[in-house]
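Visitor:
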Amino acid sequence: MGKVRKTSYIEIRKRKRIVQEKPTLGQKALIIFKREVQQASFQQIADECGLSVYGVIGICQKKEEIRFALANGANPNRKTTKVNLQFPQIDEQCLKFLKMAREKRIPVRPVFLMNVATFVASTLAIADFRCSWGWYDKFCGRHNVNLKQLHGEESSTDLIALEQWLTVDLAALLELIHPENIWNCDETGIWWRNAGTKSLVFGNIQDKGIKIAKDRITAHISVSGGGRKLPLWIINTSAQPRSFERNAVFNINSDDYGFNYSYNKTAWMTTVIFEEYLDWFNALMVKEERHILLLKMCLASTMM
1297 MGKVRKTSYI EIRKRKRIVQ EKPTLGQKAL IIFKREVQQA SFQQIADECG
1347 LSVYGVIGIC QKKEEIRFAL ANGANPNRKT TKVNLQFPQI DEQCLKFLKM
1397 AREKRIPVRP VFLMNVATFV ASTLAIADFR CSWGWYDKFC GRHNVNLKQL
1447 HGEESSTDLI ALEQWLTVDL AALLELIHPE NIWNCDETGI WWRNAGTKSL
1497 VFGNIQDKGI KIAKDRITAH ISVSGGGRKL PLWIINTSAQ PRSFERNAVF
1547 NINSDDYGFN YSYNKTAWMT TVIFEEYLDW FNALMVKEER HILLLKMCLA
1597 STMM
């Protein structure tokens, strides 16, 4: 029986040599932060980040270069501070254009950016530049640019003016008006034949529904700041529904039936109906000798 050869520690280290992954620019910036701000030692940082002490020292020695790269729009997920670009002028102008467009909340599609790159190349007389999708992908990777869906319209709102209006202007205005003289009106759609899409079923099987009824009326609602509610103003599609005829309901008004009634082919609020509502509402306020503030947001109320 032969002798068992003992494996030395150095041989084990050579076999299980650990390849350390190169840190990104963002991770390098975090290392510099820990060293300068948190006053951590090189050994502590090396143990936390899985790097060698000499690697941490080298990163700290290049701190100015790393900060400059990040300040000029470098991708934090990139691992190098310098990229040898064939056309750096085109990159610089496209990046400048994209920053300017997004500061002004202008949407920029990929094709638009590629057209800008082609225009810059022609302006700089760079004949051998071809703006391909490959160049676009690499440009986005270099500068951390992503294609995203823009949600909502809040960017078109002047938030400073809105805050001024809500906290100062509106509060000062409402102090001079009694809550009973502040009225808000709006309309809502009522799908009166819609039974809904949820139901109690037996078992766990996927049951089928029925066609959703789309019969709708509009209810115009008026409420004061003090909680007083005026009769509803109902808008339907027919001048005299059959249910009204069967019940001998004619010449509907709020005094006799508790609601007002108008109609058009879409059952929507229109300028004509809103003028009719304003005349009725104004007559009621004149009768009560009130001077009121009416708040309304609707395309049909442009005459206000």
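Quick note: the sequence shown uses my numbering, first residue 1297, plus one each step. C-beta: ideal position from N, C-alpha, C; glycine also.
Between the segment 1453-1469 and the segment 1506-1519, do at least 3 Cβ pairs fall closer than 8 Å?
Guide: In short, these stretches do not touch, since the Cβ pair count stays below three.
Visitor: For residue 1587, count neighbouring C-beta atoms within 10 Å of its own C-beta (all shown protein chains included) and say buried if the count is 16 or more, exposed if not.
Guide: exposed
Visitor: Tell me which residues share the same chain as residue 1519 and place their Cβ nearer than 8 Å to its Cβ, disregarding the 5 neighbours each side in the sequence.
Guide: 1479, 1480, 1481, 1525, 1526
Visitor: If you run the structure through DSSP and keep just helix, strand and coil, what is residue 1529?
Guide: Looking at residue 1529 - three-state DSSP - the assignment turns out to be strand.
Visitor: For residue 1419, is the classification buried or exposed, using 16 other Cβ atoms within 10 angstroms of its Cβ as the cut-off for buried?
Guide: The residue in question, residue 1419, is exposed, as its Cβ has fewer than 16 Cβ neighbours within 10 Å.
Visitor: So, for residue 1557: in the same chain, excluding its five sequence neighbours on each side, which residues have a beta-carbon less than 6 Å away from its beta-carbon?
Guide: 1530, 1548
Visitor: What residue range does the beta strand (DSSP E) around residue 1485 cover?
Guide: 1478-1486
Visitor: DSSP state of residue 1519, grouped into three classes?
Guide: strand
Visitor: Should residue 1570 and residue 1590 be called a contact, given that it needs their Cβ atoms to be closer than 9 Å?
Guide: no
Visitor: On the three-pair Cβ rule with 8 Å, is the segment 1407-1418 touching the segment 1426-1434?
Guide: yes
Visitor: Taking the alpha-carbon of residue 1243 as reference, which of 1475, 1513, 1354, 1404 has the nearest alpha-carbon?
Guide: Residue 1243 is absent from the structure shown; the chain starts at 1297 and stops at 1600.
Visitor: Measure how close the beta-carbons of residue 1413 and residue 1427 come, nearest whole angstrom, since I'm counting them as under 8 Å.
Guide: Correct: roughly 5 Å between the Cβ atoms.
Visitor: Would residue 1349 and residue 1342 be called neighbours here (beta carbons separated by less than 9 Å)?
Guide: Their beta carbons are under 9 Å apart, which means residue 1349 touches residue 1342 by this criterion.
Visitor: Taking all protein chains shown into account, decide if residue 1313 is buried (16 or more other Cβ within 10 angstroms of its Cβ) or exposed.
Guide: The predicted position of residue 1313 is uncertain, since its pLDDT is 41 and thus under 50; a value taken from the coordinates is nonetheless stated next. Label assigned to residue 1313: exposed.
Visitor: Identify the residues that DSSP records as bridge partners of residue 1383: which are they?
Guide: Per DSSP, none; premise fails for residue 1383.
Visitor: First and last residue of the beta strand (DSSP E) that includes residue 1555?
Guide: 1555-1559
Visitor: Provide the residue span of the alpha helix (DSSP H) that contains residue 1417, from first to last.
Guide: 1406-1419
Visitor: DSSP state of residue 1463, grouped into three classes?
Guide: helix
Visitor: Output the distance between the C-alpha atoms of residue 1364 and residue 1394, rounded to the nearest integer angstrom.
Guide: 20 Å
Visitor: From this set, 1386, 1486, 1318, which residue's C-alpha is nearest residue 1346's C-alpha?
Guide: 1318
Visitor: Who does residue 1513 pair with in a DSSP beta bridge?
Guide: 1486
Visitor: What number of angstroms, rounded off, separates the C-alpha of residue 1310 from the C-alpha of residue 1417?
Guide: Caution applies to residue 1310, whose pLDDT of 45 falls short of 50 and renders its modelled position unreliable; the model cannot decide the point.
Visitor: In the DSSP assignment, what residue or residues form a beta bridge with residue 1321?
Guide: Answer is none; residue 1321 lacks a bridge partner.
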